[in-house]
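Peer 1: Pasting a structure here, questions to come.
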Amino acid sequence: MNVSLDVNTVQGRTALASYDVVVLGAGPYGLSATAHMRARGLNVAVFGKPIGFWREHMPKGMQLRSYWWATNLSDPEGRYQLKDYFLLKGKREPEILPIQDFVDYSLWFQQNVVPDVDETLIQRISKVGSLFKVQLEDGRVLFARAVVMAPGLQYFVYYPKEYQGLPASLVSHSADHHDMAEFKGKRVIVVGRGQGALETAALLNENGATVQLLARRSVHWISGTGHGSLPPVLRQLRAPDSALGGGWLNVFLEKLPYSLQRFPRDIVDYIVDTKHGPKGAPWLKPRILGKVEMLEHQYVDAVEPLGETVRVQLASGRQLEADHILLGTGYKTNLKRLTMLAPELLQEIHTYQGAPVLNPWFESGVTGLYFIGFSSVRSFGPLYRFVLGADAAARRLAVAVPRYVRAL
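In the working numbering, the protein residues as written are 660 to 1067.
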């Protein structure tokens, strides 16, 4: 269905391109949502660099912590999964999925399922009556009945306050670097204790840097359920397997992917803040232990530039000096970072802890404006931190958005 609107009435000039839906973001969520909405007959335009965050902001040599078979993009018929890609390419299914394999697979998915991604960036999204006006960086203007926001994590990099305002030559986020070989021969402090920080530290060490890992709390590693002595049937009853890992909560999150949105806020917060938190994959241990200096339970009093180096004063009294500080401090949703959203739209979006408050259909307080992926975690739970959540988000949009568009 195309938007049936005389745009001359809105613009007072030549009619402009119009769509049922505009999707911002061509990562796993944006591509999956586009595939499912098009299958429902909607005219969808998608903008962004295909798998751009993964290609440009994830370190070369990285391996994914999630199971390879739970890292599929989603098309309605399920014809373009990782297993299909490996079969086509004659590759063996890996125990641990290298990021390059995931990127190659995702681009194969995009080229076959959503081949017409427009890489032009969206400059501004505003509302004109019941329609969204979308201005592109190249000057084009589009109109759409609905907009789906699937922004990449690069919009939400988190800088702890003690590192803010320091020159990028001395302090940067791990998402700012694709190849850790640039730090060969350098002294680097990695801040953080999650998978991203730990793997960054390992890659730095393997690329010739001298690395210290600085963390406020203990580093934890993903382990088994601890019930290995139980018979398989009892083990499954006590901690059943799921695509998110072992345990009944993970089964719940995977099998009932929309349910958490209806739970009380304090329960959702507890699950989001404590489950799938900072932990390292067990295969990282031999690449870290004994090779990277681990400074756990350390608090920073001050960070001071010293010309071409940087000094860190710890609360314990110890001083560290390095050529660079690399923040593996993760990401935090903050809608104000999405500067393409017009101020009047931002004011209408109800937020909680910087994230949009969404209804059961991923719709924000602005009718027809949807958020999926990382920005939906505060409403829907930790499933949507992972590629695994793209299927559930896409399938729900494929119901909600056509219903909304056709009601206008």
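Ideal placement from N, C-alpha and C gives every residue a C-beta, glycine not left out.
The structure displayed is predicted, hence computed values, not measured ones.
(1) Work out the CA separation of A729 and P819 for me, nearest whole Å.
(2) Just verifying my parser: in three-state terms, what is the DSSP assignment at Q782?
(3) Take the Cβ of D960 as the centre, count every other Cβ of all protein chains shown within 10 Å, and call the residue buried at 16 or more, exposed below.
(4) In this structure, what does DSSP give as the bridge partners for D777?
(5) What is the residue span of the alpha helix (DSSP H) that M696 lies within?
(6) Identify every residue that forms a DSSP beta bridge with F761.
(7) Taking the runs of the alpha helix (DSSP H) that are 4 residues or longer, which of them lie wholly in the region 814-891?
(8) Just to confirm the assignment: which complete alpha helix (DSSP H) runs, minimum length 4, are found wholly within the region 945-1017?
(9) Should Y739 be flagged as near chain D, meaning a C-beta pair shorter than 8 Å?
(10) Output the distance between the C-alpha atoms of Q920 and R876, rounded to the nearest integer angstrom.
(11) Is P774 buried or exposed, if buried means 16 or more other CB atoms sit within 10 Å of its CB?
(12) Residues in the same chain with beta-carbon distance under 6 Å from A676, minus the five sequence neighbours each way, listed in chain order, please.
(13) Can you tell me the Cα-Cα spacing of Y726 and G853, whole angstroms?
(14) Mind checking Q1012: buried by the 16 CB within 10 Å criterion, or exposed?
(15) Is D679 helix, strand or coil by DSSP?
(16) Pull up the distance between the alpha-carbon of K944 and that of E796, whole angstroms please.
(17) Return helix, strand or coil for R804, following the three-state DSSP convention.
(18) Going by DSSP, name the residue or residues bridged to Y1029.
(19) I need the boundaries of the beta strand (DSSP E) containing V793, first residue and last residue.
(20) Take the Cβ of V1064 as the centre, count every other Cβ of all protein chains shown within 10 Å, and call the residue buried at 16 or more, exposed below.
(21) Using C-beta distances below 7 Å, list every residue in its chain close to Y822, excluding the 5 sequence neighbours before and after it, in chain order.
(22) Within 10 angstroms of the Cβ of G885, are there 16 or more other Cβ atoms? Answer buried if so, exposed if not.
(23) Within 10 Å of its beta-carbon, does Y958 have 16 or more other beta-carbons around it, so buried, or fewer, so exposed?
(24) Looking only at its own chain, which residues have a Cβ that is under 7 Å from the Cβ of L747, when we skip the five neighbours before and after it?
(25) Give the secondary structure of V1046 by DSSP, where H, G and I count as helix, E and B as strand, and everything else as coil.
(26) Do you know offhand how far H836's Cα is from M717's?
(27) Excluding the 5 residues preceding and the 5 following S712 in the sequence, name in chain order all residues of the same chain whose CB lies nearer than 7 Å to its CB.
(28) Could you name the residues that DSSP lists as bridge partners for Q722?
(29) Assuming Y929 is part of the alpha helix (DSSP H), what are its boundary residues?
(30) Among G906, V951, G904 and S901, which residue has its Cα nearest to the Cα of A860?
(31) Between P709 and V807, how many whole angstroms is the CB-CB distance? I'm expecting something under 8 Å.
(32) Between which residues of its own chain and N864 is the CB-CB distance below 7 Å, once the five residues before and five after are set aside?
(33) In angstroms with no decimal places, state the Cα-to-Cα distance between A1014 and S833.
(34) At the level of alpha carbons, what is the spacing between G904 and V787?
(35) Applying the criterion that 16 or more other CB atoms from any shown protein chain within 10 Å of the CB defines a buried residue, is H695 buried or exposed?
Peer 2: Judging by the given coordinates:
(1) For P819 and A729, the gap between their C-alpha atoms comes out near 31 Å.
(2) strand
(3) exposed
(4) F706
(5) Taken as a continuous stretch (DSSP letters only), the alpha helix (DSSP H) holding M696 covers P687 to A698.
(6) None; F761 has no bridge partner.
(7) For the region 814-891, whole alpha helix (DSSP H) runs of length 4 or above, ordered along the chain, are 854-865.
(8) Within the region 945-1017, the complete alpha helix (DSSP H) segments of 4 residues or longer fall at 1002-1007, listed in chain order.
(9) Looking at the structure shown, chain D is missing, and only one protein chain is on hand.
(10) 30 Å
(11) exposed
(12) L801
(13) 17 Å
(14) exposed
(15) strand
(16) 45 Å
(17) If DSSP states are grouped into helix, strand and coil, R804 belongs with the strands.
(18) V807 and E1022
(19) L790 to L795
(20) The C-beta of V1064 has 16 or more other C-beta atoms within 10 Å across all chains shown, which makes the residue buried.
(21) V830, V962, I984 and L986
(22) Note on G885: pLDDT 46, under 50, position unreliable in the model; no value is reported.
(23) exposed
(24) none
(25) coil
(26) 7 Å
(27) In the sequence as presented, Ser is not what sits at residue 712; that position holds Phe. Cβ neighbours of F712 beyond the five flanking positions: G686, G811, L812 and Q813.
(28) P757
(29) In the DSSP annotation of this structure, the continuous segment of the alpha helix (DSSP H) that includes Y929 starts and ends at R924 to T933.
(30) V951
(31) Their Cβ separation, rounded to whole angstroms, is 16 Å, which puts P709 and V807 out of contact at 8 Å.
(32) Exclusion of the five residues before and after N864 leaves V870, K950 and V951 as the residues of its chain whose Cβ lies within less than 7 Å of its Cβ.
(33) 22 Å
(34) Rounded to the nearest angstrom, the two C-alpha atoms are 45 Å apart.
(35) Flag for H695 reads buried.
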